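Asks: Keeping their order, the protein sequence lines are chains B and W.
When we follow our numbering, the leftmost residue of the first sequence carries the number 1, and every step to the right adds one.
When we follow our numbering, the leftmost residue of the second sequence carries the number 516, and every step to the right adds one.
Backbone N, C-alpha and C define an ideal beta-carbon position, used for all residues, glycine too.
Here the structure is a predicted model, which is why all the values come from computation and not from measurement.
Here's a structure for you.
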Amino acid sequence: MGRKIGSEKLGNLYSGGKVRKRREWRGLKDTLYDYWRWLKIMGMLAGFMMKPANLKGFLRYRWMLNYLAVPQMIDRHTAGLRGTHLRIAREEYDLVAKDVALLLTRVFRADKNCGNDKEFSKKIVVLDENEMFHIMCGFPNLMAVSWETAAVYVSVLLRGDGVTHYLDVVQEMGMPGDVCPMPAAEAGVCIDDDIPIFGACAIQCNTTCDGSLLGNAILAKRYEEEGIPTFQIAAPLRHTEEGVQEYAAQEIRNAIKFIEENTGEKWDWDAYFRCAKRFNEETRHRVGWMEMSRTEYPQVIGANLALYSETTYMAVAGRSQEFVEADRRITALAKKAFERKEMIIPEYRHRAIIWGVQAQYYTDFLPWLQNCWGILPLVDMLSLVYFDEISEDDPEQAIYDIAKLYQEMIMRNRTHGGYELLLDDLWRFVEYYNADLVILWEHISCKALNGMHGLFEERAREHGVRLIWVNHDLMDPRVVSRQSIRDDINRYMRSVLHEEPLDPSLEVIDDAMSW
Amino acid sequence: MKYFGGCDAGSTYTKCVIIDESGKIVSDVTLKSRINAVLSAEEALKQAIARVPGLDSAKDLAYLVGTGYGRNKVPFADENISEISCHAMGVHVTDPTVRAIIDIGGQDVKGIAIDKDGTVLNFAMNDKCAAGTGRFFEAMARAFEMDLTEFSNLSLKAKNVIPITSQCTVFAESEVISLVGEGKPMEEIAAGIQYSVAKRCFVMAKKAGAVDRITLTGGCAKNAGLKDAIEKVLRIKVIDLPVDPQLMGALGAAEFARQKGLAKGV
Numbered sequence: 001m002g003r004k005i006g007s008e009k010l011g012n013l014y015s016g017g018k019v020r021k022r023r024e025w026r027g028l029k030d031t032l033y034d035y036w037r038w039l040k041i042m043g044m045l046a047g048f049m050m051k052p053a054n055l056k057g058f059l060r061y062r063w064m065l066n067y068l069a070v071p072q073m074i075d076r077h078t079a080g081l082r083g084t085h086l087r088i089a090r091e092e093y094d095l096v097a098k099d100v101a102l103l104l105t106r107v108f109r110a111d112k113n114c115g116n117d118k119e120f121s122k123k124i125v126v127l128d129e130n131e132m133f134h135i136m137c138g139f140p141n142l143m144a145v146s147w148e149t150a151a152v153y154v155s156v157l158l159r160g161d162g163v164t165h166y167l168d169v170v171q172e173m174g175m176p177g178d179v180c181p182m183p184a185a186e187a188g189v190c191i192d193d194d195i196p197i198f199g200a201c202a203i204q205c206n207t208t209c210d211g212s213l214l215g216n217a218i219l220a221k222r223y224e225e226e227g228i229p230t231f232q233i234a235a236p237l238r239h240t241e242e243g244v245q246e247y248a249a250q251e252i253r254n255a256i257k258f259i260e261e262n263t264g265e266k267w268d269w270d271a272y273f274r275c276a277k278r279f280n281e282e283t284r285h286r287v288g289w290m291e292m293s294r295t296e297y298p299q300v301i302g303a304n305l306a307l308y309s310e311t312t313y314m315a316v317a318g319r320s321q322e323f324v325e326a327d328r329r330i331t332a333l334a335k336k337a338f339e340r341k342e343m344i345i346p347e348y349r350h351r352a353i354i355w356g357v358q359a360q361y362y363t364d365f366l367p368w369l370q371n372c373w374g375i376l377p378l379v380d381m382l383s384l385v386y387f388d389e390i391s392e393d394d395p396e397q398a399i400y401d402i403a404k405l406y407q408e409m410i411m412r413n414r415t416h417g418g419y420e421l422l423l424d425d426l427w428r429f430v431e432y433y434n435a436d437l438v439i440l441w442e443h444i445s446c447k448a449l450n451g452m453h454g455l456f457e458e459r460a461r462e463h464g465v466r467l468i469w470v471n472h473d474l475m476d477p478r479v480v481s482r483q484s485i486r487d488d489i490n491r492y493m494r495s496v497l498h499e500e501p502l503d504p505s506l507e508v509i510d511d512a513m514s515w
Numbered sequence: 516m517k518y519f520g521g522c523d524a525g526s527t528y529t530k531c532v533i534i535d536e537s538g539k540i541v542s543d544v545t546l547k548s549r550i551n552a553v554l555s556a557e558e559a560l561k562q563a564i565a566r567v568p569g570l571d572s573a574k575d576l577a578y579l580v581g582t583g584y585g586r587n588k589v590p591f592a593d594e595n596i597s598e599i600s601c602h603a604m605g606v607h608v609t610d611p612t613v614r615a616i617i618d619i620g621g622q623d624v625k626g627i628a629i630d631k632d633g634t635v636l637n638f639a640m641n642d643k644c645a646a647g648t649g650r651f652f653e654a655m656a657r658a659f660e661m662d663l664t665e666f667s668n669l670s671l672k673a674k675n676v677i678p679i680t681s682q683c684t685v686f687a688e689s690e691v692i693s694l695v696g697e698g699k700p701m702e703e704i705a706a707g708i709q710y711s712v713a714k715r716c717f718v719m720a721k722k723a724g725a726v727d728r729i730t731l732t733g734g735c736a737k738n739a740g741l742k743d744a745i746e747k748v749l750r751i752k753v754i755d756l757p758v759d760p761q762l763m764g765a766l767g768a769a770e771f772a773r774q775k776g777l778a779k780g781v
């Protein structure tokens, strides 16, 4: 048996040196397991650095420094976990880490600044970080690679202030400071000449906001200067309407044609449907985990669910059997834990729905909610995506499926398509998951969500649901600190709910000691 | 006689209130906060204790609660309670009919909805920028070359209101300087400033669901021009408290100390 959950004051892990003190004692069995997985990650990182192109990439790109924090990022997201839940989390994070290592290896092998493998580069289509990868499922001989994922998205997950330099760069160039920091950081990487150059062509997607469009324009200009033609999928915004579906499908046909013309490869339906089968199985697993969260014994929740879902749903898109195998293992573990009525933390005080767009620099906020206040983050808005199964044999329907997935990708499916998807669905999910609390992320640079503030308040009162606003600035912890995010919760829990924390050592912690 | 203390370590002022077993205020002190919250709290408590015969030091208080921005730095407190809860309790013991509070402190503004027993039902706050806070008024008074009291009364004489478009303290100051330079009537510019803050307070109050039987607390509650503007924006009469509204946090802390101290039999 592992050491009892909740038996260690987790705030103590923030009181010492950065790395040494962050190892958590979970009891002999769980600590040995965790240490073994930690060694595997360290081994993988060492193996990664042995490749000359990777080493060159590490020395060439400023954002690569963030990758030194990979083991610590996993530690932060597995804090307090024991037994089955530790194993579920490690299945998820370790595989995501391996997938990112593969992504980086491909980036640096193809990058003209590092490996400069031109033949390899010709087999790559560059995709956005925030984009469905299904468009590549019918090209088994091509690779979909997103340098944005490596340079920005993952960088911030690993280290909270991992992209602040690029935000400064983009603002020095004249972009306003209140633009969403995600596209701003991506544009900053480009302006700072920290962008790896590779690929036969690029496919972008009009994502969620004006900032994103602006960022994509800067990137497209840079790609085309390097001779990388770019196609932007203009997915319709009102994606729930029937009338836009034919237009959306035509955009997918156009994108496929563009890739064919620029790579010489032909779309392969057999390959696509193999991916579709895997994608459907992954969807079934995810739905199964979420169904468990309706009961008293949720098993796959919070940050683990959010980060893993983002990877499998959007970036993997059924292209990897390894993720299906991991899903099967996670489902087996979760079912066993469910039958045994295993709990993730010692006491469940509140069942919460996490709504809005999360602070990318503080994704371990959800484990903190669990460990500090006994708030169970059952499910988050970004994981509540498209649950219908896609066609596994009909090419015409498949085009519409891909178009639908593009329209309903993460961060897009609820911020566009009508206020009902953002506002009304929340209360439906509150009821469905039997939640008593809503944690509402308020990304202060996101104009799309900020306009809805008053409506959320009104509806929360109508439904008699407790709603806690949590301010953040997505990728810039200098604007809203991690302690400020915690204080939004601390204040509400103490002032309105009159509760004491499960683990008081976590209420105020020193982030200066954290990555 | 047992005495109970509340110390509100605010960002701009540190307040200390001592009450007796019946809840009656026997001493109160308001001091400008120093950079070191510990020193401010110690000084405020020392002065408050000196005004009560029979009290020599913090140890003579049966129970003491710290609150406010620097509450974690109040070294002699038996426990700390958030300023939101303390303001609600302070107002409740002062006037139990109040159901909503707009608390405008030195560096934040809060809307608080309270229940009939003084517990907090909900709150909303702006602590991310200086807009609509005491700092905002300090900056505006500086732009007018007036002290705060003079500035707060100026708008009461205005026949018209010149709207101030920017709520950001930095931009508003620049806008005000331009308007003064253009020779616009000072009292009408001042009224515009008070209205801009009143609208911000209205948003906070509405977000928290605090819209009925409303009162003002915090240092800015003494700003007559702001009170007048809030009454016009909210279209309700703001309830005047019989006790200095700046003391509500410390008074609430002292009341919590009284309840907890008596319950523990100290």
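For W:G724, decide whether its Cβ has a neighbour in chain B, counting only Cβ atoms nearer than 8 Å.
Replies: Taking the first residue of the second sequence as position 1, residue 724 of chain W is located at position 209. Yes - at least one Cβ of chain B is within 8 Å of the one on W:G724.
Asks: What is the residue span of the beta strand (DSSP E) that B:P377 lies within?
Replies: Sequence index remark: in the first sequence, residue 377 of chain B carries index 377 (1-based). Where B:P377 is concerned, the enclosing beta strand (DSSP E) stretches over 375 to 380.
Asks: Please go through the segment 677 to 711 of chain W and give each complete alpha helix (DSSP H) segment of 4 or more residues, from N-terminal end onward.
Replies: Taking only runs of at least 4 residues, the alpha helix (DSSP H) segments lying wholly in the segment 677 to 711 of chain W are 684 to 696.
Asks: Closer than 7 Å: is that where the CB of W:G707 sits relative to any heavy atom of the ligand SAM?
Replies: Summarising the ligand content, the structure contains no ligands, and the ligand SAM is consequently not present.
Asks: Look up W:Y518 in the DSSP assignment and give the residues it is bridged to.
Replies: Numbered from its first residue, the second sequence carries residue 518 of chain W at position 3. Answer by DSSP bridge pairing, in chain order: W:D535.
Asks: Between the C-alpha atoms of B:S481 and B:L167, what's the straight-line distance to the nearest angstrom?
Replies: Translated into positions along the first sequence, residue 481 of chain B becomes position 481. Translated into positions along the first sequence, residue 167 of chain B becomes position 167. Cα-Cα distance, rounded: 16 Å.
Asks: Mind checking which residues open and close the alpha helix (DSSP H) that includes B:K73?
Replies: On the first sequence, position 73 is the one that residue 73 of chain B refers to. Contrary to the premise, residue 73 of chain B reads as Met rather than Lys in this sequence. Its alpha helix (DSSP H) spans residues 70 to 77.
Asks: By a C-beta neighbour count over all protein chains shown, 10 Å radius and 16 as the cutoff for buried, is B:E131 buried or exposed?
Replies: For the purposes of this step, residue 131 of chain B is taken as residue 131 along the first sequence, with counting starting at 1. Result: buried.
Asks: Of the choices W:V589, W:L546, W:G605, whose alpha-carbon is the least far from that of W:A765?
Replies: Against the second sequence, residue 765 of chain W aligns to sequence position 250. Nearest option by C-alpha distance: W:G605.
Asks: How many Å lie between W:G585 and W:I704 at the Cα?
Replies: Looking up residue 585 of chain W in the second sequence gives position 70. Looking up residue 704 of chain W in the second sequence gives position 189. Cα-Cα distance, rounded: 34 Å.
Asks: Roughly how many angstroms lie between the CA atoms of W:E557 and W:V589, to the nearest whole one?
Replies: Indexing the second sequence from 1 puts residue 557 of chain W at position 42. Indexing the second sequence from 1 puts residue 589 of chain W at position 74. Those two C-alpha atoms are separated by around 8 Å.
Asks: Give me the residue from B:V324, B:I259, B:I353 with the minimum Cα distance to B:F139.
Replies: Residue 139 of chain B sits at position 139 when you count from the first residue of the first sequence. It is B:I259.
Asks: Classify B:Q204 as buried or exposed, calling it buried when 16 or more other Cβ atoms lie within 10 Å of its own Cβ.
Replies: The sequence position of residue 204 of chain B within the first sequence is 204, counting from 1. Its Cβ being crowded by 16 or more others within 10 Å, B:Q204 is buried.
Asks: So, at 6 Å on beta carbons, what are the nonlocal neighbours of B:I218 in its own chain, with the 5 sequence-adjacent residues on each side left out?
Replies: Position 218 of the first sequence, counted from the start, is the residue given in the question as residue 218 of chain B. The answer, listed in chain order, is A187, C190.
Asks: Shorter than 8 Å from the beta carbon of W:N551 to some beta carbon of chain B?
Replies: Along the second sequence, one-based indexing puts residue 551 of chain W at 36. Cβ-Cβ to chain B under 8 Å: no for W:N551.
Asks: Using the Cβ count rule (16 or more neighbours within 10 Å means buried), how would you classify W:S693?
Replies: As a position in the second sequence, residue 693 of chain W is number 178, starting the count at 1. Classification for W:S693: exposed.
Asks: Does the separation of the CB atoms of B:L86 and B:T78 fall below 8 Å?
Replies: Position 86 of the first sequence holds residue 86 of chain B. Position 78 of the first sequence holds residue 78 of chain B. It is a contact, given that the beta carbons lie within the stated cut-off.
Asks: Verify the CB distance criterion: does B:S309 have a CB-CB separation below 8 Å to chain W?
Replies: Mapped onto the first sequence, residue 309 of chain B falls at position 309. False, the Cβ-Cβ gap to chain W never drops below 8 Å.
Asks: For B:Q232, which residues does DSSP report across the bridge?
Replies: Looking up residue 232 of chain B in the first sequence gives position 232. Partner(s): B:Q204.
Asks: Using the three-state DSSP reduction, which class does B:M143 fall into: helix, strand or coil?
Replies: Against the first sequence, residue 143 of chain B aligns to sequence position 143. Looking at B:M143 - three-state DSSP - the assignment turns out to be strand.
Asks: Give the residues from the segment 623 to 644 of chain W that approach chain B closer than 9 Å (Cβ to any Cβ), ordered along the chain.
Replies: Answer in chain order: I627, T634, V635, L636, N637, F638, A639, M640, D642, K643.
Asks: By how many angstroms is the C-alpha of B:F231 removed from the C-alpha of W:D623?
Replies: Residue mapping note: residue 623 of chain W aligns to position 108 of the second sequence, counting from 1. Residue mapping note: residue 231 of chain B aligns to position 231 of the first sequence, counting from 1. Each residue's Cα considered, the two are about 47 Å apart.
Asks: Should the segment 474 to 490 of chain B be regarded as contacting the segment 342 to 349 of chain B, the criterion being three or more beta carbon pairs within less than 8 Å?
Replies: Verdict: no, contact absent.
Asks: Taking B:S495 as the query, report the chain W residues whose CB atoms sit under 7 Å from its CB, ordered along the chain.
Replies: If you number the first sequence from 1, residue 495 of chain B lands on position 495. Per Cβ cutoff of 7 Å: S597, I599, S600, V635, F638.
Asks: In chain order, what residues of the segment 447 to 475 of chain B put their CB closer than 8 Å to some CB of chain W?
Replies: Going along the segment 447 to 475 of chain B in chain order, one finds H453, G454, E457, R461, W469, N471 with a Cβ nearer than 8 Å to chain W.
Asks: At 7 Å on the CB atoms, spell out the chain W contacts of B:R491, in chain order.
Replies: Within the first sequence, residue 491 of chain B is the residue found at index 491, counting from 1. What B:R491 touches in chain W: S597, I599.
Asks: Among residues of its own chain, excluding the 5 on either side of B:R109, which ones have a beta-carbon nearer than 6 Å to its beta-carbon?
Replies: Along the first sequence, one-based indexing puts residue 109 of chain B at 109. The residues are A53, G115, D117, F120.
Asks: So what's B:H416 in DSSP terms, helix, strand or just coil?
Replies: By 1-based counting over the first sequence, the position of residue 416 of chain B is 416. B:H416 falls in the coil class under three-state DSSP.
Asks: Measuring CB to CB, does B:A460 end up less than 8 Å from B:V496?
Replies: The residue labelled residue 460 of chain B in the question sits at position 460 within the first sequence. The residue labelled residue 496 of chain B in the question sits at position 496 within the first sequence. Against a cut-off of 8 Å, the Cβ pair of B:V496 and B:A460 comes out as no contact.
Asks: Would you be able to state if there are at least three C-beta pairs under 8 Å between the segment 763 to 777 of chain W and the segment 646 to 655 of chain W?
Replies: The segment 646 to 655 of chain W, when compared against the segment 763 to 777 of chain W, does not touch it at the 8 Å Cβ threshold.
Asks: Are the Cβ atoms of B:G199 and B:I233 separated by less than 8 Å?
Replies: Sequence index remark: in the first sequence, residue 199 of chain B carries index 199 (1-based). Sequence index remark: in the first sequence, residue 233 of chain B carries index 233 (1-based). Not a contact, by the Cβ cut-off of 8 Å.
Asks: Take B:G57 as the anchor and find which of B:D34, B:A101, B:L32 has the nearest alpha-carbon.
Replies: By 1-based counting over the first sequence, the position of residue 57 of chain B is 57. Measuring from the Cα of B:G57, the nearest candidate turns out to be B:A101.
Asks: Note the first and the last residue of the continuous alpha helix (DSSP H) segment covering B:W269.
Replies: Working through the first sequence from its first residue, we reach residue 269 of chain B at position 269. 269 to 292 is the extent of the alpha helix (DSSP H) around B:W269.
Asks: For the beta strand (DSSP E) that contains W:G581, what are its first and last residues?
Replies: In the second sequence, the residue the question calls residue 581 of chain W occupies position 66. Taken as a continuous stretch (DSSP letters only), the beta strand (DSSP E) holding W:G581 covers 578 to 582.
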